[in-house]
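2 protein chains.
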Amino acid sequence: MDGVLANVYNQFIAMHAAEFGKVLKLKEINGVPESEVFPNVQQYINSPGFFRYAPVIKDSQRVLKLLNERYKIFIVSAAMEFPNSLSEKQAWLNEHFPFITWRQIVFCGSKEIIDTDIMIDDHFKNLDFFNGETILFTQPHNVFAPDGNHKRVKTWLQIEEMLS
Amino acid sequence: MDGVLANVYNQFIAMHAAEFGKVLKLKEINGVPESEVFPNVQQYINSPGFFRYAPVIKDSQRVLKLLNERYKIFIVSAAMEFPNSLSEKQAWLNEHFPFITWRQIVFCGSKEIIDTDIMIDDHFKNLDFFNGETILFTQPHNVFAPDGNHKRVKTWLQIEEMLS
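Residue numbers (our numbering), protein chains in the order written: chain A, 339 to 502; chain B, 339 to 502.
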């Protein structure tokens with residue numbers, strides 16, 4: 339969800355700018371872990387509204403709606419670490435992805451017991467131990483990392499091309 | 339979680355009694371679907387506090403704590419159908435099972451993408467399509483149903499005996 343559907347970097351940059359008066363550019367962010375770029379990232383994530391008002395990643399709504407007709411889609415979010423995020427994430431999904439039903443939503447701590455054919459994720463910690471096909475979604479924190487055994491995509495248009 | 343750790347029948351019976359002035363006995367409930375026994379069950383489940391104040395099923399705390407030291411335990415709850423239940427279920431688990439960390443909690447709609455070695459559940463709809471070992475936890479709604487391919491247990495003492 340975060341970093342694939344929800345543009346959390348937009349939130350980080352906006353909140354960092356509000357706090358420090360400087361809008362970080364992608365070249366300053368690319369390849370650096372979130373916690374190094376944004377020293378107060380934990381505080382941002384725990385702020386009310388952080389998940390609720392995150393912008394949607396470009397083209398994800400249209401493409402996911404398309405794929406939802408051809409695949410059995412599940413939205414799996416490692417949400418448990420942030421207890422307040424659950425209701426915000428639910429409301430966010432209902433607003434922006436109304437075609438995703440409650441049967442298709444999974445909020446977990448770890449993704450290690452998730453068993454599907456394909457996983458799309460921006461974190462190696464989720465993809466590396468997954469048994470199925472893995473698609474790495476490019477985000478600033480992983481942009482310079484080697485792809486490993488994963489297929490890397492930079493946009494939802496590439497996912498559309500790959501899966502439809 | 340419900341019907342294995344959380345005693346939801348206790349809640350059903352209490353709320354039914356409050357509404358209709360009659361405390362149902364087990365012999366009136368056994369073998370009948372929840373929705374037939376309790377015509378307003380959906381209303382009860384959606385009431386604030388329903389999940390938060392459900393009693394704990396006997397011996398589940400002690401035995402799960404024991405098993406948590408020997409197994410990798412996940413609490414998987416089909417919570418998404420009831421959006422208000424998420425925060426109540428989180429708080430309930432934190433209170434009664436403080437040794438279960440956020441990494442071990444999964445709230446989902448369907449359990450069909452859950453992949454573990456063993457599943458303990460009171461519903462055939464979750465157990466029947468599961469690939470691992472299945473343990474059917476007896477609850478009034480399933481008490482007269484044939485066990486099928488599942489091992490049936492009536493108490494957490496039996497689970498302790500089986501798995502420790």
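Note that beta-carbon positions come from the ideal geometry of N, C-alpha and C, so glycine has one too.
**Asked** What residues from the stretch 422–452 of chain B come within 9 angstroms of chain A, judged by C-beta to C-beta, listed N to C?
**Response** Answer in chain order: N422, L424, S425, Q428, A429, N432, T439, W440, R441, Q442, I443, V444, F445, C446, G447, S448, E450, I451, I452.
**L474 (chain A) burial status per 10 Å Cβ neighbour count (16 or more: buried)** = That one is buried.
**Item:** Stretch-stretch touch, CB-based, cutoff 8 angstroms, three pairs: the stretch 396–412 of chain A with the stretch 493–502 of chain A
**Value:** Contact holds between the stretch 396–412 of chain A and the stretch 493–502 of chain A, because three or more Cβ pairs, one in each stretch, are under 8 angstroms apart.
**Item:** Cβ neighbours of N469 (chain B) in the same chain (closer than 8 angstroms, five flanking residues each side left out)
**Value:** For N469 (chain B), where only same-chain residues beyond five positions count, the Cβ hits under 8 angstroms are D453.
**Request:** Grab me the residues of R390 (chain A)'s own chain with a C-beta within less than 7 angstroms of its C-beta, minus the 5 sequence neighbours each way, in chain order.
**Result:** Excluding sequence positions up to five before and after R390 (chain A), its CB lies within less than 7 angstroms of the CB of E426, A429, W430, all in the same chain and listed in chain order.
**Prompt:** Taking just the CA atoms, how far does V394 (chain B) sit from Y347 (chain A)?
**Reply:** Taking the straight line from one Cα to the other gives about 41 angstroms.
**Request:** Round the Cβ separation of G341 (chain A) and F482 (chain A) to the nearest angstrom and send it over; I've been treating them as touching at under 8 angstroms.
**Result:** G341 (chain A) to F482 (chain A), Cβ: 16 angstroms. No contact.
**Prompt:** Does the distance from the CB of N422 (chain B) to the CB of P386 (chain B) come in under 8 angstroms?
**Reply:** The Cβ atoms of N422 (chain B) and P386 (chain B) lie closer than 8 angstroms to each other.
**Asked** Around the C-beta of N480 (chain A), are 16 or more other C-beta atoms found within 10 angstroms, so that it is buried, or is it exposed?
**Response** By the neighbour-count rule (16 or more Cβ atoms within 10 Å), N480 (chain A) is buried.
**Prompt:** Which residues in chain B sit within 9 angstroms of E419 (chain A), going by Cβ to Cβ distance?
**Reply:** What E419 (chain A) touches in chain B: W440, R441.
**Message:** Taking 7 angstroms as the limit between beta carbons, can you name the residues of its chain near L465 (chain A), skipping five residues before and five after?
**Reply:** Here the set comprises M457, D459, T472, L474, H488.
**Message:** To the nearest angstrom, how far is the alpha carbon of K492 (chain A) from that of T476 (chain A)?
**Reply:** As the crow flies, the alpha-carbon of K492 (chain A) is around 5 angstroms from that of T476 (chain A).
**Request:** Taking only beta carbons into account, state which residues of the stretch 456–468 of chain B come closer than 8 angstroms to chain A, listed in chain order.
**Result:** Under the 8 angstroms Cβ criterion, the stretch 456–468 of chain B contributes no residue.
**Prompt:** Hey, is F412 (chain B)'s beta-carbon within less than 8 angstroms of any beta-carbon in chain A?
**Reply:** Closer than 8 angstroms: yes.
**Request:** Flag this pair as yes or no: are the beta carbons of A417 (chain A) and L424 (chain A) separated by less than 8 angstroms?
**Result:** Against a cut-off of 8 angstroms, the Cβ pair of L424 (chain A) and A417 (chain A) comes out as a contact.
**Prompt:** For V444 (chain A), which beta-bridge partners are listed by DSSP?
**Reply:** Partner(s): A:V414, B:C446.
**Item:** Euclidean distance between Cα positions of P478 (chain A) and Q349 (chain B)
**Value:** Cα-Cα distance, rounded: 48 angstroms.
**Request:** With DSSP as the reference, please indicate the residues paired to K427 (chain A) in a beta bridge.
**Result:** Per the DSSP secondary-structure output, K427 (chain A) pairs with nothing in a beta bridge.
**Message:** Could you tell me the alpha carbon to alpha carbon distance between F467 (chain A) and K449 (chain A), rounded to whole angstroms?
**Reply:** In this structure, the straight-line span from the alpha carbon of F467 (chain A) to that of K449 (chain A) is close to 9 angstroms.
**Prompt:** Tell me which same chain residues have a C-beta within less than 8 angstroms of the C-beta of C446 (chain B), skipping the five on either side of it?
**Reply:** The residues are V414, S415, A416, A417, M418, I452.
**Request:** Step through the CB atoms of chain B and report whether any lies within less than 8 angstroms of the CB of T564 (chain A).
**Result:** Examination of residue 564 (chain A) is not possible in this model, given that chain A is present from 339 through 502 alone.
**Prompt:** Of the choices A:P484, A:I383, A:Q442, whose alpha-carbon is the least far from that of H461 (chain A)?
**Reply:** Closest in alpha carbon position to H461 (chain A), among A:P484, A:I383, A:Q442, is A:P484.
**Prompt:** Applying the criterion that 16 or more other CB atoms from any shown protein chain within 10 Å of the CB defines a buried residue, is V375 (chain A) buried or exposed?
**Reply:** By the neighbour-count rule (16 or more Cβ atoms within 10 Å), V375 (chain A) is buried.
**Asked** Are F358 (chain A) and N406 (chain A) close, meaning C-beta to C-beta below 8 angstroms?
**Response** It is not a contact, given that the beta carbons lie outside the stated cut-off.
**Message:** Distance check for D455 (chain B) and Y409 (chain B), CA to CA, integer angstroms please.
**Reply:** C-alpha separation (whole angstroms): 10 angstroms.
**Prompt:** Hey, out of A:I383, A:F420, A:V444, A:T439, whose CA is closest to T439 (chain B)'s CA?
**Reply:** In this structure, A:F420 is the residue among A:I383, A:F420, A:V444, A:T439 with its C-alpha nearest to the C-alpha of T439 (chain B).
**Exposure label - A392 (chain A); buried when at least 16 CB within 10 Å** = Counting of Cβ neighbours within 10 angstroms places A392 (chain A) among the buried residues, the total reaching 16 or more.
**Message:** So if I threshold CB-CB distances at 8 angstroms, which residues from the stretch 469–488 of chain B count as touching chain A?
**Reply:** Taking 8 angstroms as the upper bound on Cβ-Cβ separation, chain A lies near no residue of the stretch 469–488 of chain B.
**Message:** Taking its Cβ as the centre, do 16 or more other Cβ atoms sit within 10 Å of L364 (chain A), making it buried, or is it exposed?
**Reply:** Classification of L364 (chain A): exposed, given that the 10 Å Cβ count is below 16.
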